[in-house]
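If you're matching them up, the sequences are chains A and B in order.
For the first sequence, full-length UniProt numbering gives the first residue as 1, with consecutive numbering after it.
For the second sequence, full-length UniProt numbering gives the first residue as 1, with consecutive numbering after it.
Structure first, commentary second.
Protein chains: 2
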Amino acid sequence: MSSTIWSVDEHLEDILAAVKPLEPIELQLLDAQGCVLVEDITVQIALPPFDNSSMDGYAVRTSDVAGASEEFPAVLTVVGDVAAGSGGTLRVGPGEAARIMTGAPLPPGAEAVVPVEWTDGGSGGGPAVTMRAASGAPEGASGEVRVHRPVEARAHVRARGSDVQAGDLALESGTVLGPPQIGLLAAVGRATVKVRPRPRVVVLSTGSELVQPGEPLSAGQIFDSNSFALTAAARHAGAIAYRVGAVTDDADTLRATIEDQLIRADMIVTTGGVSVGAYDVVKEALSSVGEGDDTGGGVDFRKLAMQPGKPQGFGSIGPEHTPLLALPGNPVSSYVSFELFVRPAIRALMGLKDVHRPKVRATLSADKPLSSPSGKRQFLRGAYDEAAGTVTPVGGTGSHLVAALARADALIVVPEDTTELEPGAEAEVVLLG
Amino acid sequence: MSSTIWSVDEHLEDILAAVKPLEPIELQLLDAQGCVLVEDITVQIALPPFDNSSMDGYAVRTSDVAGASEEFPAVLTVVGDVAAGSGGTLRVGPGEAARIMTGAPLPPGAEAVVPVEWTDGGSGGGPAVTMRAASGAPEGASGEVRVHRPVEARAHVRARGSDVQAGDLALESGTVLGPPQIGLLAAVGRATVKVRPRPRVVVLSTGSELVQPGEPLSAGQIFDSNSFALTAAARHAGAIAYRVGAVTDDADTLRATIEDQLIRADMIVTTGGVSVGAYDVVKEALSSVGEGDDTGGGVDFRKLAMQPGKPQGFGSIGPEHTPLLALPGNPVSSYVSFELFVRPAIRALMGLKDVHRPKVRATLSADKPLSSPSGKRQFLRGAYDEAAGTVTPVGGTGSHLVAALARADALIVVPEDTTELEPGAEAEVVLLG
Chain A
1 MSSTIWSVDE
11 HLEDILAAVK
21 PLEPIELQLL
31 DAQGCVLVED
41 ITVQIALPPF
51 DNSSMDGYAV
61 RTSDVAGASE
71 EFPAVLTVVG
81 DVAAGSGGTL
91 RVGPGEAARI
101 MTGAPLPPGA
111 EAVVPVEWTD
121 GGSGGGPAVT
131 MRAASGAPEG
141 ASGEVRVHRP
151 VEARAHVRAR
161 GSDVQAGDLA
171 LESGTVLGPP
181 QIGLLAAVGR
191 ATVKVRPRPR
201 VVVLSTGSEL
211 VQPGEPLSAG
221 QIFDSNSFAL
231 TAAARHAGAI
241 AYRVGAVTDD
251 ADTLRATIED
261 QLIRADMIVT
271 TGGVSVGAYD
281 VVKEALSSVG
291 EGDDTGGGVD
301 FRKLAMQPGK
311 PQGFGSIGPE
321 HTPLLALPGN
331 PVSSYVSFEL
341 FVRPAIRALM
351 GLKDVHRPKV
361 RATLSADKPL
371 SSPSGKRQFL
381 RGAYDEAAGT
391 VTPVGGTGSH
401 LVAALARADA
411 LIVVPEDTTE
421 LEPGAEAEVV
431 LLG
Chain B
1 MSSTIWSVDE
11 HLEDILAAVK
21 PLEPIELQLL
31 DAQGCVLVED
41 ITVQIALPPF
51 DNSSMDGYAV
61 RTSDVAGASE
71 EFPAVLTVVG
81 DVAAGSGGTL
91 RVGPGEAARI
101 MTGAPLPPGA
111 EAVVPVEWTD
121 GGSGGGPAVT
131 MRAASGAPEG
141 ASGEVRVHRP
151 VEARAHVRAR
161 GSDVQAGDLA
171 LESGTVLGPP
181 QIGLLAAVGR
191 ATVKVRPRPR
201 VVVLSTGSEL
211 VQPGEPLSAG
221 QIFDSNSFAL
231 TAAARHAGAI
241 AYRVGAVTDD
251 ADTLRATIED
261 QLIRADMIVT
271 TGGVSVGAYD
281 VVKEALSSVG
291 EGDDTGGGVD
301 FRKLAMQPGK
311 PQGFGSIGPE
321 HTPLLALPGN
331 PVSSYVSFEL
341 FVRPAIRALM
351 GLKDVHRPKV
361 RATLSADKPL
371 SSPSGKRQFL
381 RGAYDEAAGT
391 VTPVGGTGSH
401 LVAALARADA
411 LIVVPEDTTE
421 LEPGAEAEVV
431 LLG
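Here you go:
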């Protein structure tokens, strides 16, 4: 037990220095959503892989339709259909046209595509608005077509490689895979991809006073809320989070529970039991871990110069040296601690470069000055108004005020050396989004 | 088949008029994350439910510690421990103190809590920095304690109901449940909650040219990418999305596949087969649906005054009138169509009030003017720079350019009546986030 007081930044720095990105694994594309790519993706085949039509129409030789007009159409013999996915055995000779669909390969001999709307569609009548379905009108793939307008060479043709060429770098290592990146990976033929997986985070709350919501409360008991809020927050941060029910204030039970959970944990988050009380079980249970010869790391308990959230524990546990963050038990303290320390740790495990919430500066909108203890960084719950550029405190400073927390979308940061923040002053604001 | 041209806004309006929020269901708290609450949550019991200590320390009568100092401490008899979760049989009489932990109920007779740091912690020595664990030092719950400072009545006591009172409105119907709201629901004892569920969205792509990524490509074939990109996008929008593999251009197969999927679909999204070609299977298969007497709705195929994404289908299908959006098959067209029409529809199914992506105005940063067809709303891929307030076009206008799409984080909107947008001009930008 040290009586040193650590700053918020020192504690965060120690956590981020210790938490290493997870080892990459090969995942199916849709399982890799939101993950960080750890390989450069080079294009194996050009996109598109072949010249193809960008319209439904007729593949023609340009000289055959030179000077064509609605009054004096070029009349061509339709030699067949080229549907998308067609292997392509058709050839377009002089005076011929192939009916062609969007995405279908331009057949040999053809130089351009005339959209169906520039033809009679084989009807012998006026300009077509559409083709008739091949299944109901197979005769559309034969007979004659009247073309009403000339086209230039390559008109309505997407050239092979016009999107990407073989050998191009499609995606760089370090890219976060959102929907368009997943689409691109599929388009270049990748079924799986090497990424850092989502971390599996085990969340457990401690306290003999905690009762599962929905169960009856006895005297001196409250409902467990931290394990719910933090599991949801871990998922929102990108983790696969497992909520373990509240554990009673007994060191052996807690140790056994944590040891059981290690098998599925890339990180463990506890709440409660980290302060100076006689039943602070997390401190008691984990202070002895790491002292034997078979367990890893050890957990360090500190006092931080912050409010709320002064008592914090961080270290690693078990043979794999699984990171463990021990947060205080007050609901607001634990939530603020999550935002400041656990969320960045989760994002560091994912290999993300940007582990922090966005920060902005906003004008404090309040009836009276905010007071803050000297030497402590205070985090107040606030409601941010982007349009007005203001932030308004929500609720009080109490670390048990969960109702106010649920109305906040930002944290107002009052620095260590500021003891009073006047209405109208500029404040740093962390957006919880 | 109508030759009317519809505007983007008309089409979106028709979709949002037809898509109704899903019926609410009762879900476990952690399954309700991101969902919209459809009941007012009234507090059943006050929070905290009882006066409790905000510190680890000693519960005392204020008159017993009046005038206490380190030099002249008040010496009190420790009558026992009050741990968190304690049922509370202890009573603090004159000259007595109970050792009390954070969150534990203030025992009868006590009026305030003295933090352990303001006492000798029962050691008989100087000021304590911590309590010793009760398990290792049970004697701490008895003997004497020296108190070094006086306290006012109610000091370090959180009053019953100081967070919320019984009868208070904790959360209003319509609230989106993020982590703090889930924490609050747990804190007030709710195990389950009535919300609109996440919509189940079935995504399928159509096209005989489509090959599953990872499989070999034959002549005229490309990899299916739309079903991957749109499934990922639907998940990102909040849906539970199921990717059905690419379906070949055969109306019976497509109809059978869609009918099979209806059982698990709150919405169906298809790509491809909606244009004017002879093998546009979605149009062919779904135009006949709704004509019989046992199926619902029907799907309307339209041309929109937009680029990319001109051909679009929308309607409903099956006995439950499940909404179906039929998007064009070009990867960029389908992705832009998703953003404009499917994402708002998913969010409308969820009952969210704000169904749209954020829009900003930004200065066009480009080497040359952007040209846009008259009468069409054009959506160009762009990279948005928030700090500079600029947007830069990425890639070209081709609807097959998936590589550029993967580098974009915004859509640049060029209105119907604008045919040229000069560098430095102000443009509307949709942030894809």
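All C-beta atoms in this analysis are idealised placements derived from N, C-alpha and C, irrespective of residue type, glycine included.
Within chain B, partners of residue i - CB distance below 7 Å
i, result
"residue 235 of chain A", "33"
"residue 401 of chain A", "163"
"residue 116 of chain A", "276"
"residue 323 of chain A", "Simply none; closest approach about 20 Å."
For residue j and residue i, the rounded distance between their alpha carbons
i, j, result
"residue 47 of chain A", "residue 325 of chain B", "27 Å"
"residue 134 of chain A", "residue 360 of chain A", "59 Å"
"residue 321 of chain B", "residue 276 of chain B", "26 Å"
"residue 16 of chain A", "residue 267 of chain A", "13 Å"
"residue 295 of chain B", "residue 19 of chain B", "Legend: pLDDT at residue 295 of chain B = 46, less than 50; position of this residue unreliable, no value from coordinates given."
"residue 250 of chain B", "residue 265 of chain B", "21 Å"
"residue 341 of chain A", "residue 124 of chain B", "38 Å"
"residue 240 of chain B", "residue 106 of chain A", "39 Å"
"residue 5 of chain A", "residue 11 of chain A", "10 Å"
"residue 426 of chain B", "residue 362 of chain B", "6 Å"
"residue 335 of chain A", "residue 272 of chain A", "12 Å"
"residue 139 of chain A", "residue 24 of chain B", "52 Å"
"residue 236 of chain B", "residue 394 of chain A", "30 Å"
"residue 323 of chain B", "residue 314 of chain B", "8 Å"
"residue 290 of chain A", "residue 230 of chain B", "Only weak support exists for where residue 290 of chain A lies, its pLDDT of 46 falling under 50; the value from the coordinates is given anyway. One C-alpha to the other measures close to 48 Å."
"residue 195 of chain B", "residue 137 of chain A", "50 Å"
Contact list for residue i against chain A, beta-carbon separation under 7 Å
i, result
"residue 181 of chain B", "406"
"residue 171 of chain B", "406"
Paired residues, beta bridge with residue i - DSSP
i, result
"residue 200 of chain B", "B:240"
"residue 428 of chain A", "A:361, A:413"
"residue 187 of chain B", "DSSP, once it has assigned bridges, lists no residue as partnering residue 187 of chain B."
"residue 390 of chain A", "A:363, A:385"
"residue 53 of chain B", "B:157"
"residue 28 of chain B", "B:192"
"residue 5 of chain B", "B:303"
Cross-chain neighbours of residue i in chain A, by beta carbon under 9 Å
i, result
"residue 217 of chain B", "45, 49, 189"
"residue 208 of chain B", "83, 84, 85, 86"
"residue 108 of chain B", "Correct list: empty, because the minimum Cβ distance to chain A is about 12 Å."
"residue 214 of chain B", "189, 190, 191, 192"
Beta-carbon neighbours of residue i, restricted to chain A and to distances below 8 Å
i, result
"residue 249 of chain B", "83, 84, 85"
"residue 331 of chain B", "183, 187"
"residue 105 of chain B", "219, 220"
"residue 416 of chain B", "Going along chain A, no residue has its Cβ under 8 Å from residue 416 of chain B, so there is no contact; the nearest lies around 20 Å."
"residue 428 of chain B", "In chain order: nothing, as chain A lies at least about 17 Å away."
Proximal residues of chain B, C-beta to C-beta of residue i below 8 Å
i, result
"residue 243 of chain A", "30"
"residue 326 of chain A", "The premise fails here: residue 326 of chain A is roughly 15 Å from chain B at the closest Cβ pair, so nothing lies under 8 Å."
At 4 residues or longer, and completely inside the UniProt domain "MoaB/Mog" (202-348) of chain A: list those alpha helix (DSSP H) runs for me, N to C. DSSP runs (the alpha helix (DSSP H)) wholly in the UniProt domain "MoaB/Mog" (202-348) of chain A: 226-237, 251-261, 281-287, 331-337.
Counting only Cβ-Cβ distances shorter than 9 Å, please list the residues of the stretch 221-233 of chain A near chain B, keeping chain order. For the stretch 221-233 of chain A, the residues whose beta carbon sits under 9 Å from a beta carbon of chain B are, in order, 221, 222, 223, 224, 225, 226, 227, 228, 229, 230, 231, 232, 233.
Output, in sequence order along the chain, the residues in the stretch 119-145 of chain B whose CB is closer than 7 Å to any CB in chain A. For the stretch 119-145 of chain B, residues whose beta-carbon sits nearer than 7 Å to a beta-carbon of chain A comprise 129, 130, 131, 132, 133, 134, 135, 140.
Taking beta-carbon pairs under 9 Å, can you tell me which members of the stretch 39-54 of chain A lie near chain B? Residues passing the 9 Å Cβ filter: 43, 45, 47, 48, 49, 50, 52, 54.
Which residues, in chain order, does the stretch 79-103 of chain A contribute to contact with chain B at a C-beta distance below 9 Å? The residues in question are 81, 82, 83, 84, 85, 86, 87, 88, 99, 100, 101, 102, 103.
Just list the beta strand (DSSP E) runs in the stretch 114-158 of chain B, keeping only unbroken ones of 3 residues or longer that don't cross its boundaries, in chain order. Listed in chain order, they are 144-147.
Output, in sequence order along the chain, the residues in the stretch 13-31 of chain B whose CB is closer than 8 Å to any CB in chain A. For the stretch 13-31 of chain B, which is checked against every Cβ of chain A, the residues closer than 8 Å are 29, 30.
Name the residues in the stretch 266-280 of chain B whose C-beta lies less than 9 Å from a C-beta of chain A; which are they? Interface annotation for the stretch 266-280 of chain B against chain A: 272, 275, 276, 277, 278, 279, 280, criterion Cβ-Cβ distance under 9 Å.
What residues in the stretch 334-346 of chain A bring their beta carbon closer than 7 Å to a beta carbon of chain B? Flagged, chain order: 335.
Against chain A, which members of the stretch 55-66 of chain B pass a CB distance test of less than 8 Å? Correct list: 56.
Continuous alpha helix (DSSP H) assignments of at least 4 residues falling wholly in the stretch 62-114 of chain B: The qualifying runs are 62-65.
What are the residues in the stretch 297-310 of chain B lying within 7 Å of chain A by C-beta distance? The stretch 297-310 of chain B vs chain A, Cβ under 7 Å: nothing.
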